[in-house]
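K.L.:
Protein chains in written order, with numbering that gives the first Met the number 0: chain A, 0 to 272; chain B, 0 to 223; chain C, 0 to 242. No residue lacks a Cβ here, since even glycine has one placed at the ideal position from N, Cα and C. This is the structure, below, for whatever I ask next.
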Amino acid sequence: MPGSESALTQRSAISFVAEQIALGEPRANSQPSERGPAGNSIGITFENVEKRFGLLVALRNISLEIRSGEFVALLGANGAGKTTLLRMAAQLMKPTTGSVALTGTGPKSEDARGFIGFVGHSTFLYDEMSAEENLHLFAQLYGLSDASARAAAALTACGLSSRAGSLVRTFSRGMRQRLAIARALLHEPRLLLLDEPAAGLDRQGLAWFGSTLERLRAEGCTILMSTHARNESLDLATRAVALAGGRIERDSGISGDPAELLAELRSAQGREA
Amino acid sequence: MTTSRAAAILLAKELRLEFRTRELLTTTVIFALVVVVLFSFAFEPTAAESRRYGPGLLWIAFLFAGSLMLNPSFAREQSNETLDALRMAPIAPFAILLGKMLANFVFLAVAEAILVPVFAVLYNVSFSGVAGRLILVLGLGTLGLVITGTVFSAISAHARMRELLLPLLLLPILTPLLIASVEATASLLAEQPELDRTWVAFLAGFDIVFLTASWLMCDYLLEE
Amino acid sequence: MKGRITLVLVASALMVFAGFAALYVAPDEKTMHAIQRIFYFHVPSAICSFVAFFIVFVANFAYLATRKPKWDWLGVAGAEVGVVCSTIVLITGPIWAHPVWGIWWTWDARLTSTFVMWLLYMAYLLLRGFLDDPQRKAMFSAVFGIFAFLDVPLVYFSNRLWRTQHPQPVILGGSNSGLDPMMGKVLLISFVAVLCITAVLIADRYRLEQLRSEFEELRFRAESRYAERASKIPQAAREARVE
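So, in structure tokens, the structure goes:
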């Protein structure tokens, strides 16, 4: 964990500031979409969030405002706090101090969970139920009126409809990950939280995932995705935030260009490797 | 979505999962049968003796079988973190707990439906004429068992030695339930069978107290 | 520190005094004679075990409300001391009963409730033993503690109801009727003594838990600082080479 700080702390203050000035002009194609379905877009704001697990401080001084429609790439080495941040955004845990608030019109505090989709390290699927049964269950729990139809459609979209009736236990890793992503997208979330979603995806799955992300971006869905810097999906990102040791090390900002930060981190990872 | 609707959906899921494999149900029934047979060596199963010791033995069999059966309830949700998936859904946390309580109740009820006739045959005890009232007593007693047991299975799912821990936590708490259920069942088997209202009221009170406590504390039980 | 030493000395002195009073000052009981003197420690221990139990309940409730670790410390302190008090009750009871009534134990409401309460305390402590994560430990033992506290009146009443339906020949609390005034005074002294000891033990156990927590924090900080420094050494070497 301490090793990851080296790449980021080596940049001198002057070059960092110069970079920020040069990036002042927002690029047209990386503007976060504000158009999005009116009234349905949601953003998320972390205010002075700290999270402790006993004595271990997983996150500290996290103040981050993510506006609706942004596609934020969350970067950092293992253990930097990305998963904790995402789980907190998914309302799975509360911060020790500080607050996490969902912004935007529409969702009240109880319904808000119905607008959030989360792909985590685990698949969140019942191994002893079929793919169709899993999706049907979650469609019902999310209050979708045409649960079976939605489940079937989701299965077709991710290419698993031929295995709809098979138990998830029999699926390969790539298929499970595809189903896990389909589960997260089932209720058309307006805030999508992704924790290394491409892990384990096969080629077909990656293609589907990539096109799905593009579609969601165009629709104005707010996306917060954690992944390693080498991932291609990051080309779609409008913003990059780098975590290290539980703190926000770098943030390319709402109107900045994440490409520089991403390129820098990619080369830093290359150096370390 | 209302809590009861969400609980019903989750109940359906639990039932579907269990009736597909039926492992839990079969093991519970077999284990309770073993207990019932073992007890036959403890006393002479004449009609009079059976009426005296029978209710106690029956309820002890249910308690033991139940406390073994309740463990997988939450433990099963730990693979693939499906419990977190349920917590993320826009349903009240109590719906998750309630769904499991109802599922456990159904499983135990099915086991009892098999065991009580077997017991009646093995120990020459007649339940004719009191069947309806017996079902009431069995229902209230099982409900108490299932309410507290589900809560403690949520606790023990995170602990080491959970198979041992759950009965350890559950059985002392259930002593009042055991007394009440046994006494109520015994009065139904007496020479003049009658429904002992005091004990039935006590059982109902027990169930209400612990259901309310579970409802009030369910957030603490399910949080990360 | 000085305050605590004083308290321990006072409590010990009271205890010695109470012991002396119980053995020599209190009048001899008509029928039971010497063995009856156990009563002067049996009854106060019982009362203190209930007091400790109540403290555990309050601590559990407060922990759930505030999430402050100090309430968890108080809970475990109360529970451990409560187990000790209950154990004393459960041991002195039969010692007293056997020469007097010829039986070691009877399942009347009071004894059964005490035994179940002892089992609940033990379950509480064992639960803590099997939970590793400190936050979970505090949270879940608080929930269980509250359930246990709600259960105890139910245990008592169910046993009372049961026993009135099946009356037992022996009732152990009969000596309360018509207490000699001198006996009453000795009882009061020993009650105060046992209460003081209980309070001192709970306070000490609380302090132990507090110190343990501080130690854990210090050790954790020292270890992370060490790990940080240790990993920076190869880092510096690498930087020197690059530049």
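Taking residue 215 of chain C as the reference, which of C/133, C/154, C/180 has the closest Cα?
P.N.:
As a working mapping, residue 215 of chain C is identified with position 216 in the third sequence. The shortest Cα separation from residue 215 of chain C among C/133, C/154, C/180 belongs to C/133.
K.L.:
Looking at residue 24 of chain C: is its Cβ nearer than 8 Å to the Cβ of residue 185 of chain C?
P.N.:
Within the third sequence, residue 24 of chain C is the residue found at index 25, counting from 1. Within the third sequence, residue 185 of chain C is the residue found at index 186, counting from 1. Yes; because the gap between Cβ atoms is below 8 Å, this pair is in contact.
K.L.:
Can you tell which of A/72, A/246, A/158 has the C-alpha that lies nearest to the C-alpha of residue 221 of chain A?
P.N.:
Along the first sequence, one-based indexing puts residue 221 of chain A at 222. Comparing C-alpha distances from residue 221 of chain A to each of A/72, A/246, A/158 shows the shortest one belongs to A/72.
K.L.:
With distances taken Cα to Cα, identify the nearest neighbour of residue 52 of chain B among B/200, B/124, B/33.
P.N.:
To locate residue 52 of chain B, count along the second sequence from 1; it is residue 53. The option with the nearest alpha carbon to residue 52 of chain B is B/124.
K.L.:
Please list the terminal residues of the continuous alpha helix (DSSP H) segment that includes residue 225 of chain B.
P.N.:
No statement about residue 225 of chain B is possible, as the shown extent of chain B runs from 0 to 223 and does not include it.
K.L.:
Which residue's Cα is closest to the Cα of residue 134 of chain A: A/239, A/166, A/68?
P.N.:
For the purposes of this step, residue 134 of chain A is identified with residue 135 of the first sequence, where counting begins at 1. Checked all of A/239, A/166, A/68; the closest Cα to residue 134 of chain A is A/166.
K.L.:
Contact criterion: CB-CB distance below 8 Å. Does residue 20 of chain B meet it with respect to chain A?
P.N.:
Within the second sequence, numbered from 1, the residue matching residue 20 of chain B stands at position 21. Residue 20 of chain B counts as touching chain A.
K.L.:
For residue 221 of chain C, count neighbouring Cβ atoms within 10 angstroms of its own Cβ and tell me buried if that reaches 16, exposed if not.
P.N.:
As a first step, residue 221 of chain C is located in the third sequence; it is residue number 222 there, counting from the start. Per the 10 Å Cβ criterion, exposed.
K.L.:
For the putative contact between residue 191 of chain A and residue 215 of chain A, defined by C-beta atoms under 8 Å, what is the C-beta separation to the nearest angstrom?
P.N.:
Residue mapping note: residue 191 of chain A aligns to position 192 of the first sequence, counting from 1. Residue mapping note: residue 215 of chain A aligns to position 216 of the first sequence, counting from 1. Correct: roughly 6 Å between the Cβ atoms.
K.L.:
At least one CB of chain A closer than 8 Å to the CB of residue 219 of chain C: is that the case?
P.N.:
In the third sequence, residue 219 of chain C corresponds to position 220, counting from 1. Cβ-Cβ to chain A under 8 Å: yes for residue 219 of chain C.
K.L.:
List, in order along the chain, the chain B residues whose C-beta lies closer than 8 Å to that of residue 135 of chain C?
P.N.:
By 1-based counting over the third sequence, the position of residue 135 of chain C is 136. Under the 8 Å cutoff, chain B gives 157.
K.L.:
Going by other Cβ atoms of all chains shown within 10 Å of its Cβ, with 16 needed for buried, is residue 186 of chain A buried or exposed?
P.N.:
Within the first sequence, residue 186 of chain A is the residue found at index 187, counting from 1. So residue 186 of chain A ends up on the buried side.
K.L.:
Applying the criterion that 16 or more other CB atoms from any shown protein chain within 10 Å of the CB defines a buried residue, is residue 207 of chain B buried or exposed?
P.N.:
Counting from one through the second sequence, the residue named residue 207 of chain B turns up at place 208. With fewer than 16 other Cβ atoms within 10 Å, it is exposed.
K.L.:
In chain order, which beta strand (DSSP E) runs of at least 3 residues are fully inside the stretch 71 to 106 of chain A?
P.N.:
96 to 102
K.L.:
What are the residues of the stretch 47 to 61 of chain A that lie near chain C, defined by any Cβ-Cβ distance shorter than 7 Å?
P.N.:
53, 54
K.L.:
Using Cβ-Cβ distances below 7 Å, what residues of the stretch 174 to 194 of chain A are close to chain B?
P.N.:
none
K.L.:
So for residue 47 of chain B, helix, strand or coil by DSSP?
P.N.:
Taking the second sequence and counting its residues from 1, one reaches residue 47 of chain B at position 48. Residue state, collapsed to three classes: helix.
K.L.:
Using the beta-carbon of each residue, which ones in chain C are nearer than 7 Å to residue 174 of chain B?
P.N.:
Along the second sequence, read from residue 1 onward, the residue named residue 174 of chain B stands at position 175. Those are 115, 154, listed as they occur along chain C.
K.L.:
Can you give me the C-alpha to C-alpha distance between residue 73 of chain C and residue 148 of chain C, rounded to a whole angstrom?
P.N.:
As a first step, residue 73 of chain C must be located in the third sequence, where it is residue number 74. As a first step, residue 148 of chain C must be located in the third sequence, where it is residue number 149. Straight-line Cα distance between these residues: approximately 16 Å.
K.L.:
Using C-beta distances below 6 Å, list every residue in its chain close to residue 271 of chain A, excluding the 5 sequence neighbours before and after it, in chain order.
P.N.:
The residue you call residue 271 of chain A lines up with position 272 of the first sequence. Bear in mind that a pLDDT of 49 at residue 271 of chain A, under 50, signals an unreliable position, so the model cannot answer this.
K.L.:
Counting C-beta neighbours from all protein chains within 10 Å, is the total for residue 81 of chain B 16 or more, i.e. buried, or is it exposed?
P.N.:
Position 82 of the second sequence holds residue 81 of chain B. Classification for residue 81 of chain B: buried.
K.L.:
Going by beta carbon distance, what residues of the same chain come within less than 7 Å of residue 144 of chain C, once the five residues before and after it are set aside?
P.N.:
For the purposes of this step, residue 144 of chain C is taken as residue 145 along the third sequence, with counting starting at 1. Correct list, in chain order: 55, 56, 59, 74, 123.
K.L.:
Taking 8 Å as the CB-CB cut-off, is residue 121 of chain A touching chain B?
P.N.:
The residue given as residue 121 of chain A occupies position 122 in the first sequence. So, interface residue.
K.L.:
Who are the neighbours of residue 85 of chain C on chain B, taking C-beta pairs under 8 Å?
P.N.:
Along the third sequence, one-based indexing puts residue 85 of chain C at 86. By Cβ distance, chain B contributes nothing, its closest Cβ being about 13 Å from residue 85 of chain C, past 8 Å.
K.L.:
Would residue 213 of chain C count as contacting chain F if we go by Cβ distances under 8 Å?
P.N.:
The displayed structure is made up of protein chains A, B and C, and chain F is not among them.
K.L.:
Label residue 161 of chain C either buried or exposed according to how many other C-beta atoms from any shown protein chain fall within 10 Å of its C-beta, with 16 as the threshold for buried.
P.N.:
One-based indexing of the third sequence puts residue 161 of chain C at position 162. Residue 161 of chain C should be labelled buried.
K.L.:
If you compare alpha carbons, which of B/140, B/214, B/215, B/213 is closest to residue 62 of chain B?
P.N.:
In the second sequence, residue 62 of chain B corresponds to position 63, counting from 1. With respect to the C-alpha of residue 62 of chain B, the residue from B/140, B/214, B/215, B/213 having the closest C-alpha is B/140.
K.L.:
Do you know how far the Cα of residue 182 of chain C is from the Cα of residue 97 of chain C?
P.N.:
In the third sequence, counting from the first residue as 1, residue 97 of chain C sits at position 98. In the third sequence, counting from the first residue as 1, residue 182 of chain C sits at position 183. One C-alpha to the other measures close to 22 Å.
K.L.:
Under a Cβ-count criterion, where at least 16 other Cβ atoms within 10 Å of its own Cβ denotes burial, should residue 294 of chain A be classed as buried or exposed?
P.N.:
Here chain A comprises residues numbered 0 to 272, so residue 294 of chain A is not present and cannot be evaluated.
K.L.:
Taking residue 201 of chain A as the query, report the chain B residues whose CB atoms sit under 9 Å from its CB, ordered along the chain.
P.N.:
Here residue 201 of chain A is taken as the residue at index 202 of the first sequence, counted from 1. Simply none; closest approach about 19 Å.
K.L.:
If we call anything under 8 Å between Cβ atoms a contact, is residue 70 of chain B one with residue 155 of chain B?
P.N.:
Within the second sequence, residue 70 of chain B is the residue found at index 71, counting from 1. Within the second sequence, residue 155 of chain B is the residue found at index 156, counting from 1. Closer than 8 Å, so yes.
K.L.:
Could you tell me which of B/72, B/60, B/204, B/66 sits nearest to residue 16 of chain B, measuring between CA atoms?
P.N.:
Taking the second sequence and counting its residues from 1, one reaches residue 16 of chain B at position 17. Ranking B/72, B/60, B/204, B/66 by Cα distance to residue 16 of chain B puts B/72 first.
K.L.:
Taking the alpha carbon of residue 99 of chain B as the point to measure from, which residue in B/25, B/153, B/194 has its own alpha carbon closest?
P.N.:
Along the second sequence, read from residue 1 onward, the residue named residue 99 of chain B stands at position 100. Checked all of B/25, B/153, B/194; the closest Cα to residue 99 of chain B is B/153.
K.L.:
Between which two residues does the beta strand (DSSP E) harbouring residue 118 of chain A extend?
P.N.:
Locating residue 118 of chain A in the first sequence gives position 119, where the first residue counts as 1. Residues 115 to 118.
K.L.:
Please classify residue 36 of chain A: is it buried, with 16 or more other beta-carbons within 10 angstroms of its beta-carbon, or exposed?
P.N.:
Within the first sequence, the letter at position 37 stands for residue 36 of chain A. Because residue 36 of chain A sits at a pLDDT of 42, beneath the cut-off of 50, its placement in the model cannot be relied upon, and the point is left open.
K.L.:
Just mark residue 206 of chain C as buried or exposed, buried being the case when its beta carbon has 16 or more other beta carbons within 10 Å.
P.N.:
Taking the third sequence and counting its residues from 1, one reaches residue 206 of chain C at position 207. Per the 10 Å Cβ criterion, exposed.
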